[in-house]
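A.B. asks: Order-wise, the sequence lines are chains A and B. Residue numbering for the first sequence follows my numbering, beginning at 1192 and increasing consecutively. Residue numbering for the second sequence follows my numbering, beginning at 1192 and increasing consecutively. By construction, the Cβ of each residue, glycine as well, lies at the ideal position given by its N, Cα and C atoms. Model, not experiment: these values are computed from the prediction.
There are 2 protein chains.
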Amino acid sequence: MGKVKVAAFSVSLEGFGAGPNQSLENPLGLRGPELHQWFFPTKVFQSMHAGSEKGTTGIDNDFAARSFENTGAWILGRNMFGPVRGPWLNEDWKGWWGENPPYHVPIFVLTHHARKPLEMAGNSTFYFVTEGIEAALEQARKAANGKDVRIGGGVSTIRQYLQKGLVDELHFAISPVFLGEGENLFAGLNLPKMGFKLVEQKQGEGALHVVLRKG
Amino acid sequence: MGKVKVAAFSVSLEGFGAGPNQSLENPLGLRGPELHQWFFPTKVFQSMHAGSEKGTTGIDNDFAARSFENTGAWILGRNMFGPVRGPWLNEDWKGWWGENPPYHVPIFVLTHHARKPLEMAGNSTFYFVTEGIEAALEQARKAANGKDVRIGGGVSTIRQYLQKGLVDELHFAISPVFLGEGENLFAGLNLPKMGFKLVEQKQGEGALHVVLRKG
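(1) Which chain A residues sit within Cβ distance under 8 Å of residue 1381/B?
(2) Just checking my contact of residue 1233/B with residue 1247/B at CB under 8 Å: how many whole Å lie between their CB atoms?
(3) As a quick exercise: from 1280/A, 1238/A and 1369/A, pick the residue whose alpha carbon is nearest that of residue 1386/B.
(4) At what residues does the alpha helix (DSSP H) containing residue 1358/B begin and finish?
(5) Residues of the segment 1392–1403 of chain B in Cβ contact with chain A at a cutoff of 8 Å, in chain order, please.
(6) For residue 1368/A, return the contacting residues in chain B, with the cut-off set at a CB-CB distance below 8 Å.
(7) Are the segment 1303–1321 of chain B and the segment 1374–1383 of chain A touching, with three or more C-beta to C-beta distances below 8 Å?
(8) What residues from chain A crowd round residue 1206/B, counting only those whose CB sits closer than 7 Å?
(9) Using only alpha-carbon positions, find the residue among 1367/A, 1293/A and 1406/A that is nearest to residue 1389/A.
(10) Please confirm whether residue 1331/A and residue 1321/A have their CB atoms less than 8 Å apart.
(11) So residue 1296/A is in the alpha helix (DSSP H); what residue range does that whole segment cover?
(12) Going along chain B in order, which residues have a C-beta closer than 9 Å to the C-beta of residue 1384/A?
(13) Tell me which same chain residues have a C-beta within less than 6 Å of the C-beta of residue 1227/A, skipping the five on either side of it?
(14) Please list the terminal residues of the continuous beta strand (DSSP E) segment that includes residue 1236/B.
(15) From the DSSP output, which residues share a beta bridge with residue 1404/B?
(16) If you reduce the DSSP assignment to three classes, tell me which class residue 1201/B lands in.
(17) Out of 1237/A, 1372/A and 1266/A, which has the shortest C-alpha to C-alpha gap to residue 1325/A?
(18) Just to confirm the assignment, what range does the alpha helix (DSSP H) spanning residue 1328/A have?
(19) Could you compute how far the alpha carbon of residue 1359/A sits from the alpha carbon of residue 1274/A?
(20) Roughly how many angstroms lie between the CA atoms of residue 1147/A and residue 1270/A, to the nearest whole one?
(21) Of the choices 1278/B, 1315/B, 1294/B and 1316/B, whose alpha-carbon is the least far from that of residue 1302/B?
(22) Going by the beta-carbon positions, is the gap between residue 1366/B and residue 1203/B smaller than 8 Å?
(23) Between residue 1395/A and residue 1283/A, how many whole angstroms is the CB-CB distance? I'm expecting something under 8 Å.
(24) Buried or exposed for residue 1220/A, please, with buried defined as at least 16 other CB atoms from any protein chain shown within 10 angstroms of its CB.
(25) Residues of chain B with a CB under 8 Å from the CB of residue 1365/A: which are they?
(26) Shorter than 8 Å from the beta carbon of residue 1377/B to some beta carbon of chain A?
(27) Please check the pair residue 1376/A and residue 1208/A, which I expect to be a contact at CB under 8 Å, by giving their CB distance rounded to whole angstroms.
(28) Terminal residues of the continuous beta strand (DSSP E) containing residue 1209/A?
(29) Alpha carbon to alpha carbon, how far is residue 1214/B from residue 1319/B?
(30) Where does residue 1374/B sit, in a helix, a strand or coil, going by DSSP?
(31) Does the Cβ of residue 1315/A have 16 or more other Cβ atoms within 10 Å, making it buried, or fewer, making it exposed?
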């Protein structure tokens, strides 16, 4: 069976995984993009989002590439899918990523409001799960068919899966930035007590990569 | 006039500056020593505490050396001075550092309980200040005579000076470790809003060094 993993998730030096006040204009929250400065220049990002063959190929790119390897399904909190809150007024919103999202596997979106599956180009189909995080994981595991399930975020979603003891591996990109405020990933969570051990750390060009694993 | 600075202060990836349950046996709190793994092998530490001429001379050592440069006085919270709580029963406790502490300048210890100054070898005299953090800073500035005042810690002391807007420069050594619990340096503090800007970052052999400055 595949792992349940968090990968290439950026946090600030204070532990913030997103800035405050997420909106259509600021999908990552205020100053949120600063968390991802290590990722944007990589070849992985450039080929995925900028249609470019260029991009860096160093340590940051290696970790970015690894985060997509062997991933059979994703789980996203609803705010990762879009800025719409409350009931879906229509089906116009199709995610932040345009016609061909970078997933290419099934994506399970946690929401309190039912919506029928959304098929996008490149095998990225979004399924909207209203039965909670464990049901979403069950569906994602089935869809992943032996590959890993990647919890994409945001902070609240990752924290919920951690608190239930459902995550096997964590890779954080610690960005050299102080946001001042935002959503704290670590507050009140005792990762060592949950059984996580730091198994890898490597300084990339733009972030410090740390990998924790249970066991 | 010299700066008021925090320097070479180690924090975990969650922002903990010390482990929990500080005691005579665990002056840095449980697992606290793991925060300082970058510092122990340096030539600065080795010559200061181990009477050795050996030690590393790389980036970590450079930052360790810088933290002592131009320092004219120190301020320490009482728990940095020792494990005794409440009134001083006697004057037997003379700090963690033996006969010749590594300061060699006046040290101002914040306490609620008066005690006469303690002169140690090598010009390290401890003054016990009962009138609060601002009085301690005033005395330390005077003693520093134009050089910097270094706030040594612990977490609570640094936070109090930050909250009063009295710190000019911060250098943290971000250690690649998750402590799980401890004293959080950053919780509820908005460093950018206080006017701090990240002016330097460098990955050392054992820690990520970040320097923030006001202005």
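C.D. replies: Inspection of the coordinates gives the following:
(1) What residue 1381/B touches in chain A: 1371 and 1372.
(2) Contact between residue 1233/B and residue 1247/B is confirmed by a C-beta separation of about 5 Å, below the 8 Å threshold.
(3) Closest option to residue 1386/B, Cα to Cα, is 1369/A.
(4) Note, residue 1358/B: premise wrong, no alpha helix (DSSP H); not H, not E.
(5) Listed in chain order, the positions of the segment 1392–1403 of chain B with a beta carbon within less than 8 Å of a beta carbon of chain A are 1392, 1394, 1399, 1401 and 1403.
(6) Those are 1389, listed as they occur along chain B.
(7) Flag = no, the segment 1303–1321 of chain B and the segment 1374–1383 of chain A do not touch.
(8) Ordered by position in chain A, the residues that pass the 7 Å Cβ test against residue 1206/B are 1205 and 1206.
(9) When each option's Cα is compared against that of residue 1389/A, the closest is 1406/A.
(10) Result no, Cβ atoms of residue 1331/A and residue 1321/A do not sit closer than 8 Å.
(11) Here residue 1296/A belongs to no alpha helix (DSSP H), and DSSP marks it neither H nor E.
(12) Those within 9 Å of residue 1384/A in chain B are 1371 and 1372.
(13) Excluding residues within five positions, the ones whose Cβ falls inside 6 Å are 1201.
(14) Not the beta strand (DSSP E): residue 1236/B falls in the alpha helix (DSSP H), residues 1234–1240.
(15) Answer is 1360/B and 1388/B.
(16) If DSSP states are grouped into helix, strand and coil, residue 1201/B belongs with the strands.
(17) Considering only 1237/A, 1372/A and 1266/A, the residue with the shortest C-alpha distance to residue 1325/A is 1266/A.
(18) Where residue 1328/A is concerned, the enclosing alpha helix (DSSP H) stretches over 1324–1335.
(19) Here the C-alpha atom of residue 1359/A lies approximately 29 Å from the C-alpha atom of residue 1274/A.
(20) There is simply no residue 1147/A to check, as chain A begins at 1192 and stops at 1406 in what is shown.
(21) With distances taken between Cα atoms, residue 1302/B lies closest to 1278/B.
(22) Cβ atoms of residue 1366/B and residue 1203/B: closer than 8 Å.
(23) Actually they do not touch by this definition, with Cβ atoms about 38 Å apart.
(24) Answer is buried; the Cβ neighbour count reaches 16.
(25) The contacting residues are 1204, 1365 and 1399.
(26) With 8 Å as the cut-off, residue 1377/B counts as an interface residue toward chain A.
(27) Between residue 1208/A and residue 1376/A the Cβ distance is about 4 Å, and since that is below 8 Å, they are a contact.
(28) Taken as a continuous stretch (DSSP letters only), the beta strand (DSSP E) holding residue 1209/A covers 1207–1209.
(29) Distance between the alpha carbons of residue 1214/B and residue 1319/B: 20 Å.
(30) Strand, per DSSP.
(31) It counts as buried.
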